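**Student:** Position one of the sequence shown corresponds to residue 42 (my numbering), numbered consecutively onward. Here it is, the structure in full.
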Amino acid sequence: MFLGPSPPHTPLLNRRNNHKPPHATVSSALPDLFLAAFSLLFLWSSPKPLVSLPPNRLSFPLTPRRRSTASMSRLSPPHPPPPPQRFASAQSLSDWLESRLPSDSFAAWGVKPGTKNVHNLWLELSDGETSLADSTPPVRTVNVVTVRVIGEDGKVLVESHQELSDGSVRERFRPLSEKLKPEETPDEAVFRAIKEELGSIFDGENDVGERIKILPGTYSRRVEERNSLSYPGLPARYALHLVDATVRGLPEEDFCTEEKEYDGDSTVDSEETRAVGKAVTVKRHYWKWVSPSSVRS
Numbered sequence: 042m043f044l045g046p047s048p049p050h051t052p053l054l055n056r057r058n059n060h061k062p063p064h065a066t067v068s069s070a071l072p073d074l075f076l077a078a079f080s081l082l083f084l085w086s087s088p089k090p091l092v093s094l095p096p097n098r099l100s101f102p103l104t105p106r107r108r109s110t111a112s113m114s115r116l117s118p119p120h121p122p123p124p125p126q127r128f129a130s131a132q133s134l135s136d137w138l139e140s141r142l143p144s145d146s147f148a149a150w151g152v153k154p155g156t157k158n159v160h161n162l163w164l165e166l167s168d169g170e171t172s173l174a175d176s177t178p179p180v181r182t183v184n185v186v187t188v189r190v191i192g193e194d195g196k197v198l199v200e201s202h203q204e205l206s207d208g209s210v211r212e213r214f215r216p217l218s219e220k221l222k223p224e225e226t227p228d229e230a231v232f233r234a235i236k237e238e239l240g241s242i243f244d245g246e247n248d249v250g251e252r253i254k255i256l257p258g259t260y261s262r263r264v265e266e267r268n269s270l271s272y273p274g275l276p277a278r279y280a281l282h283l284v285d286a287t288v289r290g291l292p293e294e295d296f297c298t299e300e301k302e303y304d305g306d307s308t309v310d311s312e313e314t315r316a317v318g319k320a321v322t323v324k325r326h327y328w329k330w331v332s333p334s335s336v337r338s
């Protein structure tokens, strides 16, 4: 029996490889590489389970957000404006105003030259051209279209003054202006205002509208608050819609036009007809051309 030291331990794998030629190691590794590649290809091409996908933290659910906003607007609608004051007659309006306005100012309506009376204001309210806030004093709100009529030489047409039905004269020196009617657009009001206040210069021609051209890009809007000149003591809030226009065929010199402000049926006995008969109306407009720098809207 051999009792000497045992030979050094050689791993089984190494012992097997020691009996193989050198090229055997490379060839035996090839199947392992093909198997690994095939396994990776299988894992890559197989469908991924949805539960393994991380949540998309960068997505924005636009559609649900719109639905949420719409539902909020339905649940919380904007507060509607208060209903306008309604009066059955000019007398009921007068009684309502008497306790809300300074007595000396209210007494001047229709008496002081250039002012209008309570019948004018009642007609404006009935036609929807004016609204009154229930306050002390009340605030009169009016939408007004102001038209700067431009002449061929670049000058602007202004109304220098008005002759009223009571014989008084009201100074103006401002471009053509007209109160908007309910549901009327500024463009529609421009055509109506020019036809009503300048139309008589064309002797009743039917093509007055074809003479009018609104200049593009000139529309603007602003709001002014000041005391009314027509109704002393009554604060007013004017929403001004300003626009430039041209009108073919107007005189080059100063001229005058006539206007019938209210054209209701005078044969019908109604509160409106009676108010028209007592209101202060504009009989004549006096016009002149001035430089643009001297015009105030």
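Idealized CB from N, CA, C, for every residue including glycine. In this text the structure is predicted, and so the values were computed from the model without any measurement.
Residue 287 bridges to which residues according to DSSP?
**Tutor:** The sequence position of residue 287 within the sequence shown is 246, counting from 1. Looking at the DSSP assignment, residue 287 forms a beta bridge with 254.
**Student:** Does the Cβ-Cβ distance between residue 158 and residue 317 come in under 8 Å?
**Tutor:** As a first step, residue 158 is located in the sequence shown; it is residue number 117 there, counting from the start. As a first step, residue 317 is located in the sequence shown; it is residue number 276 there, counting from the start. No; because the gap between Cβ atoms is not below 8 Å, this pair is not in contact.
**Student:** I'd like the list of long-range same chain contacts for residue 151, defined as Cβ closer than 7 Å, with 5 residues on each side in sequence excluded.
**Tutor:** Locating residue 151 in the sequence shown gives position 110, counting from the first residue. Hits under 7 Å: 157, 158, 321.
**Student:** In chain order, what are the residue ranges of uninterrupted beta strand (DSSP E) at least 3 long that sit wholly in the segment 139–213?
**Tutor:** Entirely contained in the segment 139–213, the beta strand (DSSP E) runs reaching 3 residues are, in chain order, 171–173, 181–191, 197–205.
**Student:** Per DSSP, which residues does residue 327 bridge with? Please list them.
**Tutor:** Taking the sequence shown and counting its residues from 1, one reaches residue 327 at position 286. In the DSSP output, where bridge partners are listed per residue, residue 327 has 202, 297.
**Student:** I'd like the list of long-range same chain contacts for residue 218, defined as Cβ closer than 6 Å, with 5 residues on each side in sequence excluded.
**Tutor:** Position 177 of the sequence shown, counted from the start, is the residue given in the question as residue 218. Here the set comprises 185, 187.
**Student:** Is the segment 162–180 touching the segment 192–210 in the sense that three or more CB pairs, one from each, lie closer than 8 Å?
**Tutor:** With the cut-off at 8 Å, the segment 192–210 and the segment 162–180 do not touch.
**Student:** Hey, quick one: how far does the alpha helix (DSSP H) through residue 317 stretch, first residue to last?
**Tutor:** Start at 1 with the first residue of the sequence shown, and residue 317 comes out as number 276. Segment 312–319, the alpha helix (DSSP H) holding residue 317.
**Student:** Can you check whether the CB of residue 288 is closer than 8 Å to the CB of residue 239?
**Tutor:** Translated into the one-based positions of the sequence shown, residue 239 becomes position 198. Translated into the one-based positions of the sequence shown, residue 288 becomes position 247. Contact flag set, yes.
**Student:** Tell me which same chain residues have a C-beta within less than 8 Å of the C-beta of residue 235, skipping the five on either side of it?
**Tutor:** Here residue 235 refers to the residue found at position 194 when the sequence shown is read from its first residue. The answer, listed in chain order, is 188, 190, 217, 249, 253, 286, 288.
**Student:** Look up residue 249 in the DSSP assignment and say whether it is helix, strand or coil.
**Tutor:** Taking the sequence shown and counting its residues from 1, one reaches residue 249 at position 208. In this structure, residue 249 counts as helix in the three-state DSSP scheme.
**Student:** Can you give me the C-alpha to C-alpha distance between residue 227 and residue 251, rounded to a whole angstrom?
**Tutor:** As a first step, residue 227 must be located in the sequence shown, where it is residue number 186. As a first step, residue 251 must be located in the sequence shown, where it is residue number 210. When rounded, the distance between both Cα atoms is 17 Å.
**Student:** For residue 299 versus residue 237, is the C-beta distance shorter than 8 Å?
**Tutor:** Reading the sequence shown from its first residue, position 258 is the one you call residue 299. Reading the sequence shown from its first residue, position 196 is the one you call residue 237. In this structure, residue 237 does not lie closer than 8 Å to residue 299 by Cβ.
**Student:** Pick helix, strand or coil for residue 237, following the three-state DSSP scheme.
**Tutor:** As a working mapping, residue 237 is identified with position 196 in the sequence shown. Residue state, collapsed to three classes: helix.
**Student:** Between the Cα of residue 273 and those of 153, 133, 229, 214, spot the shortest distance and give me the residue it belongs to.
**Tutor:** Your numbering for residue 273 matches position 232 in the sequence shown. Of the candidates 153, 133, 229, 214, the one whose C-alpha sits nearest the C-alpha of residue 273 is 153.
**Student:** Which residue wins for smallest C-alpha separation from residue 392, given the options 155, 282, 183?
**Tutor:** Any question about residue 392 goes unanswered here, given that the chain covers just 42 to 338.
**Student:** Identify, in the order they occur along the chain, each residue of the same chain with its Cβ nearer than 7 Å to the Cβ of residue 178, setting aside the five sequence neighbours on each side.
**Tutor:** As a working note, residue 178 is residue 137 in the sequence shown. 141, 142, 274, 275, 276.
**Student:** Please confirm if residue 146 has its CB atom under 8 Å from at least one CB of chain B.
**Tutor:** Looking at the structure shown, chain B is missing, and only one protein chain is on hand.
**Student:** Going straight from the alpha carbon of residue 139 to that of residue 147, what length do you get?
**Tutor:** Translated into the one-based positions of the sequence shown, residue 139 becomes position 98. Translated into the one-based positions of the sequence shown, residue 147 becomes position 106. The straight-line gap from Cα to Cα measures roughly 7 Å.
**Student:** Measure the beta-carbon distance from residue 323 to residue 205 and round it to whole angstroms, keeping in mind my assumption that it falls under 8 Å.
**Tutor:** Here residue 323 is taken as the residue at index 282 of the sequence shown, counted from 1. Here residue 205 is taken as the residue at index 164 of the sequence shown, counted from 1. Residue 323 to residue 205, Cβ: 6 Å. Contact.
**Student:** How long is the line joining the alpha carbons of residue 329 and residue 294, rounded to whole angstroms?
**Tutor:** Within the sequence shown, the letter at position 288 stands for residue 329. Within the sequence shown, the letter at position 253 stands for residue 294. Computed Cα separation, rounded: 7 Å.
**Student:** Could you pull the start and end residues of the beta strand (DSSP E) that residue 130 belongs to?
**Tutor:** The residue given as residue 130 occupies position 89 in the sequence shown. No beta strand (DSSP E) holds residue 130; DSSP gives it neither H nor E.
**Student:** For residue 200 versus residue 327, is the C-beta distance shorter than 8 Å?
**Tutor:** To locate residue 200, count along the sequence shown from 1; it is residue 159. To locate residue 327, count along the sequence shown from 1; it is residue 286. A contact, by the Cβ cut-off of 8 Å.
**Student:** Using C-beta distances below 7 Å, list every residue in its chain close to residue 131, excluding the 5 sequence neighbours before and after it, in chain order.
**Tutor:** Working through the sequence shown from its first residue, we reach residue 131 at position 90. Cβ within range, chain order: 159, 160, 163, 316.
**Student:** When you compare the CB positions of residue 296 and residue 255, do they come within less than 8 Å of one another, or not?
**Tutor:** Position 255 of the sequence shown, counted from the start, is the residue given in the question as residue 296. Position 214 of the sequence shown, counted from the start, is the residue given in the question as residue 255. It is not a contact, given that the beta carbons lie outside the stated cut-off.
**Student:** Do residue 127 and residue 203 have their CB atoms nearer than 8 Å?
**Tutor:** On the sequence shown, position 86 is the one that residue 127 refers to. On the sequence shown, position 162 is the one that residue 203 refers to. Cβ atoms of residue 127 and residue 203: not closer than 8 Å.
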